[in-house]
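So the structure is just underneath, and the comments pick up after that.
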Amino acid sequence: MLKDQTAVVGVGATEYYKRGRSLPQTSMELAGKAVILALRDAGLSVDDLDGFALYSMGFDTSLFAQWLGVPEVRFTAMLTGGGGGAAGSVGLASAAIASGMAECVVSVMTLQQAASRFGASFAPRGTPGAVYSAPPSPEGAFIQPSGLMGPGQMFAVLAQRHMHLYGTTREHFCEVAMSTRENAIRRPTSLMKEPLTKDQYFAARMISEPLCLFDFCLECDGAVAVVTTSAERARDLRHPMVYVGGSANGGNGRWGQAITWMGMPDEYFTSSGHRPVAKRLYEMAGVTPADVDVALLYDHFSPMVIMQLEDYGFCGVGEGGAFVADGNIRWPQGSLPVNTHGGNLSEAYIIGMTHVKEAVEQLRGAAVNQVADAEVALVTGGPASIPVSSLLLHN
Amino acid sequence: MQGVLPPDVIAISTSPSTDPFWKAAAEHRLVVPQCTTCGTFRFPPAPFCFHCRAQDVDWVEHDGAGEIYSFTVIRHAVIPPVADALPLVAAVVELPGTGGCRLVGNVVDCDPAAVRIGVPVTLDWYDVRPGEAVPVFRLA
């Protein structure tokens, strides 16, 4: 079992930039800066590094190791899929360490959206104005001709049905956006530093009904790295212990390509795809939702925070809207502060790695928006095609 | 036809599994593959039955009438060539009698405010190019 065999010992990040502003640095240069900072935070150096655990297509670790002069790479692997693997990349690092294949593994995300915008991820390649577009695929041909070309449009379809089935409203989405913004404005690292009012939310332009501008995450550049090592070695390092209590990735096979096929079984069509992963995570870590003090839930689109609250058992399925309306996710007074760092929606979108960093800082007692006596933190990767993933950290 | 993408933004890629669907589509016929071994429908077409893992299928004709399972009204052009086609209603329609197969397409020539989950629709076809048609829906 993975439980408590490893610990997260270092976190590091570059400055966060609005889309395109990180030039002329390259994305792998940003990764290098974040990795060096994360190792330094742990009291380690590149000489200690021996593994890479990446996700969402990652990058070329051969060139990276060559640049940094890593003495010996003993493990370099990646979760398949996209942003769903964010939290799970630390689980992959832990698996490498617990198995003895490596000892000091870094998980890193670097993102530069200057020449590539995720908002048009599934536009056909070759379309004028389409950057970061999808190569033609036989499956995409059943979706893309309808105009569904970006993740936000596709998740809007899930949100619409959640509203239909459970009475979830745009007021609920607004509460996710506003509470997250409230957390962001107190942090110097945040790209969004002005409060968001309900009037501003409802006056914002619709992107894809029922989702408006403020239901969408930011478009950013930057890099975040996280260093994991054995619990034994971690005890000799400089920070309070942050144990990896558990990690899981995957999903039901018929969740499959999720929003890019829309054929998921009715039973969990309107979900984050996380239910089986949540069950395994809690079982591995030996905790229940009631034990979680702070939740860092991947917030690419506000309704998906609501569906994850349901899928991780903080409320019943269909009750997520009411759960947020009751103030539960607010910091500091809510029963479950969510995205205390400002999330993808308002701090920065680095494909979910800012969530891991925040969980570590909460458990060290060093967060800007510190949850009092935080002992257990949940981190999730993006609701997405398989795999989705999560990570349970504790001190 | 109002509420569809311009042809140059539509790229249809096919595979041996999906080719019969698109050949029928070009003739304005909707066909759905059904496993010859266990009778399970699968969509989009794929080389294996997700229930019994057999490969052979019968191509069963369907009239395409169904109900809207969910939808979104696209108001923002994520790429410039889409701008003139907005708003676009992208709908997921469940096909009755297929065990939950869903077809995705635009609801055309409609007031987007009239589109609701559960409303009945009928199938029509948008001729993108000669020999190439994609399914679209009309409010019944």
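Protein chains in written order, with the working numbering: chain A, 1 to 395; chain B, 1001 to 1140.
The beta-carbon is built from N, C-alpha and C at its ideal position, and this holds for glycine as well.
Under the three-state reduction of DSSP, R181/A is assigned to helix. Proximity of the stretch 75-89 of chain A to the stretch 54-62 of chain A meets the contact definition, three or more beta-carbon pairs being nearer than 8 Å. In the DSSP annotation of this structure, the continuous segment of the alpha helix (DSSP H) that includes W1022/B starts and ends at D1019 to A1026.
Between the alpha carbons of D48/A and V244/A lies a gap of roughly 20 Å. Residues of chain B with a Cβ closer than 7 Å to the Cβ of T127/A are, in chain order, V1009, I1079 and P1081. The beta carbon of G318/A sits no closer than 8 Å to any beta carbon of chain B. The beta carbons of G352/A and G316/A sit no closer together than 8 Å. Here V376/A is near D291/A, since their CB atoms are less than 8 Å apart. Segment contact: the stretch 95-113 of chain A against the stretch 257-277 of chain A, fewer than three CB-CB distances shorter than 8 Å; contact not assigned. At a cut-off of 8 Å between beta carbons, H239/A makes no contact with chain B. If you look at I306/A, you'll find it isn't in any beta strand (DSSP E); it sits in the alpha helix (DSSP H) that goes S302 to D311. When the alpha-carbon of Y201/A is set against those of D221/A, R186/A, A225/A and V176/A, the nearest one is in V176/A. When only Cα atoms are considered, A234/A and E361/A end up about 16 Å apart. DSSP, read as helix, strand or coil, puts R280/A in helix.
Non-local beta-carbon contacts of Y17/A in its own chain, meaning distances under 7 Å to residues more than five positions away in sequence, involve C220, D221 and G222 in chain order.
A contact between stretches requires three or more CB pairs, one per stretch, nearer than 8 Å, and the stretch 147-162 of chain A fails this requirement with the stretch 179-188 of chain A. For the 8 Å CB-CB criterion, F118/A and P151/A form a contact. With contacts defined as CB atoms closer than 8 Å, V35/A and A225/A qualify as a contacting pair. Spatial neighbours of R1129/B in its own chain (CB-CB distance under 8 Å, excluding positions within 5 residues in sequence) are listed in chain order as P1007. The three-state secondary structure of H341/A, taken from DSSP, is coil. Interface annotation, A1025/B: not in contact with chain A, CB-CB separation never under 8 Å.
For L218/A, there is no enclosing beta strand (DSSP E), since its DSSP letter is neither H nor E. Here T288/A is exposed. Its C-beta has fewer than 16 other C-beta atoms within 10 Å. With distances taken between CA atoms, N339/A lies nearest to L296/A out of S137/A, L296/A, G263/A and F314/A. The three-state secondary structure of G167/A, taken from DSSP, is coil.
Around the C-beta of M304/A, 16 or more other C-beta atoms lie within 10 Å, and the residue is accordingly described as buried. In this structure, L345/A lies near C217/A, with their beta-carbon atoms less than 8 Å apart. Here N249/A is bridged, per DSSP, to S389/A. One finds S146 in chain A with Cβ atoms closer than 7 Å to the Cβ of G1105/B, taken in chain order.
Those residues of the stretch 94-125 of chain A placed with their C-beta closer than 7 Å to a C-beta in chain B are G119, A120, A123 and P124, ordered along the chain. Assignment of E375/A by DSSP, reduced to helix, strand and coil, places it in the coil class. Counting C-beta pairs closer than 8 Å gives three or more between the stretch 1017-1036 of chain B and the stretch 1049-1060 of chain B, which meets the contact rule.
Around the CB of G253/A, fewer than 16 other CB atoms lie within 10 Å, so the residue is classed as exposed. Contact note: G150/A reaches chain B through V1078, using a C-beta cutoff of 8 Å and chain order. Contacts with chain B (Cβ-Cβ distance below 9 Å) from the stretch 375-395 of chain A involve no residue at all. Following the DSSP letters along the chain, one finds Q5/A in no beta strand (DSSP E), marked with neither H nor E.
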